[in-house]
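One structure is given below, encoded as C-alpha cells.
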Amino acid sequence: MTTKIEDKHLNNKQEQCHSRTVSRIINSLETTEGGGFVVHRSFPTNALLDFDPFLLLDEMGPKYWKPGAAKGAPDHPHRGFETVTYMLEGKFEHKDSRGNSGKLGPGDVQWMTAGAGVIHSEMPEKDFMHRGGKLHAFQLWVNLPQRDKMIKPRYQDVPSAKIPLAQTEDGKVKVKVIAGEALGSSAVIDTRAPIFYLHFTLQPGSKLIQPIPKEYNTFAYVINGEGLFGPAEKQKIAKTGQMVVFDKEGEGVAFSVAATSTNKSALDMLLIGGVPLNEPVARYGPFVMNTNEEVLRAAKDYRNGKMGEITIQ
Ligand code: FE2
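The numbering of the sequence shown is my numbering, which starts it at 24 and goes up by one.
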C-alpha cells in the first residue's frame, strides 16, 4: 500500500515537471527607431501584435558606431506602460520631465514606469558619442493594468553590480536576475505586476528547466548562439535574433545547448514572462491605453504640455 502511494506521488511529480512546448518561433524584423538607429523588433509586427502583458521588444544593435555618429531617441512622451532598458554594451544617457537623469552602462537596467505621462530622452552618453564604440541593448515595454495607467511616473536605475548573478553547481549555466527569481536568487527591481526577466548564458552541453508559474505567458529571445527549446520529444531549434513563444501547459520551460564538434558557442538568451492582463489594448505610438478616447486624450495632454518638459541640461 505504501509503495503504491509513493509511486502515485512520483508519477504526479513527473507530470508536474512537464515543460511547456514551443508554440511559435518568430524572426525579429529590422526597423528604424528614434533618431534613426536600427533595431531588431520581435513585436509588435504583423506576425505578433503584442504578447500580454508585453507590448514591444527591440534589440538595439549590436552595432559599431563611428566617433560622433551614434544615434538615440530625443525627447518623446510615454503614457500607460513601462519601458525597461537593459544595456549589454555601450553607454546611454536618460533625462526626463520628472527631473530624473542617469547614465546606463554595460549590464545596467533602467525600469521606467511612465504611468500618467513622462517625456524622456534616451541618447548616447557624451563621451561614448565622442569616441564611438559598440552599442547593444534591449528595450521591453511592459503594459500597465487599467488601474495603474495614470499612476505617478517612477524611475528605477539599477546598476549592473546590484543585479544578482546566479549559476548552477557546475558553472555551465549562469543567469542575471533582472526581475523575478532563478537558480535561488531574487531580483532587486520592484515591478508593478508579477514579471520575470532573466538573462541566461548556457555553455555547450548544458541544459536547464526554469520553473514557471501556471498563469504566466513566457517567451525566450536568442541574443547569440543556438538553443534547443521545449520538452525532449518536441524540441525546436532557435537561433540568434529569434523569439521563442511557449504555450501555457506545463510548469517550466526547458532549454539546452548541444555539445557537438560544430557547436562550440554558448547560448545567450533572455527569458521573459508575465501574468497577462486580459484587458483591451488601444495603442498609438508612445501611448498605450485601454480605449481610443484615452489615447486621444494622451496625445492632447502631451500637446498641451501636461507631461512637462525636460529642463535638465
Ligand atoms: Fe522612450
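From the three backbone atoms N, C-alpha and C, an ideal C-beta is built for every residue, glycine too. This one's a predicted model, so the numbers in the text were calculated from it and none came from an experiment.
Looking at the secondary structure, which residues open and close the alpha helix (DSSP H) in which residue i lies?
| i | result |
| --- | --- |
| A281 | Note, A281: premise wrong, no alpha helix (DSSP H); not H, not E. |
| V318 | 315-326 |
Taking DSSP's pairing of strands, which residues face residue i in a bridge?
| i | result |
| --- | --- |
| A96 | E145 |
| L290 | L225 |
| A261 | G250 |
| S209 | E204 |
| D75 | None, per the DSSP bridge assignment. |
| H63 | E53, E82 |
| S2 | Absent from the structure is residue 2, since the part of the chain shown begins at 24 and ends at 336. |
| A243 | V267, L294 |
| Q133 | T108, D180 |
| I218 | G297 |
| S42 | G275 |
| I48 | V267 |
| R102 | F310 |
| K197 | Q190, T224 |
Quick one: measure Cβ to Cβ for residue i and residue j, integer angstroms, because I've assumed they're closer than 8 Å.
| i | j | result |
| --- | --- | --- |
| A160 | T108 | 6 Å |
| G128 | K114 | 5 Å |
| R47 | T54 | Not quite, the Cβ-Cβ distance comes to about 20 Å (not below 8 Å), so this is no contact. |
| G138 | A96 | With a Cβ gap of about 19 Å, G138 and A96 do not count as contacting. |
| A216 | G297 | 6 Å |
| S42 | G253 | 7 Å |
| T44 | D270 | 5 Å |
| D8 | P182 | Only positions 24 to 336 of the chain appear in this structure, which leaves residue 8 out of reach. |
| H99 | I142 | 7 Å |
| F77 | I295 | 7 Å |
| V198 | A210 | Incorrect: roughly 11 Å between the Cβ atoms, too far for contact. |
| M83 | Q162 | 7 Å |
| G331 | S124 | The Cβ separation is near 14 Å, so there is no contact. |
| M292 | I246 | 6 Å |
| G122 | Y325 | At roughly 18 Å, the Cβ-Cβ gap does not stay under 8 Å, so G122 and Y325 are not in contact. |
| V165 | I235 | That pair is no contact at about 17 Å. |
| E274 | K230 | No, E274 and K230 are not in contact; Cβ-Cβ is about 17 Å, not under 8 Å. |
| G248 | S284 | Their Cβ separation, rounded to whole angstroms, is 16 Å, which puts G248 and S284 out of contact at 8 Å. |
| K301 | D81 | This sequence places Asn at residue 301; Lys is not what is there. Not a contact, Cβ separation roughly 24 Å. |
Over the uninterrupted beta strand (DSSP E) stretch that includes residue i, give me the two end residues.
| i | result |
| --- | --- |
| G156 | 156-166 |
| A189 | 188-190 |
| M312 | 310-312 |
| I232 | 230-234 |
| R306 | 305-307 |
Using the beta carbon as the reference atom, which residues fall closer than 7 Å to any heavy atom of the ligand FE2, ordered along the chain? Spelled out in chain order, the answer is A96, H99, H101, T106, H143, E145, P309.
Are there three or more Cβ pairs, one per stretch, closer than 8 Å when the region 314-324 is compared with the region 182-202? Contact fails: fewer than three Cβ-Cβ distances are below 8 Å.
Is the region 213-226 touching the region 277-296, taking contact as three or more C-beta pairs under 8 Å? yes
Quick check: the region 250-262 against the region 294-308, are at least 3 beta-carbon pairs closer than 8 Å? no
Give a yes or no on contact between the region 81-99 and the region 153-168, applying the rule of three or more CB pairs nearer than 8 Å. yes
Three or more beta-carbon pairs under 8 Å between the region 262-269 and the region 198-214, yes or no? Result no; under three Cβ-Cβ pairs closer than 8 Å.
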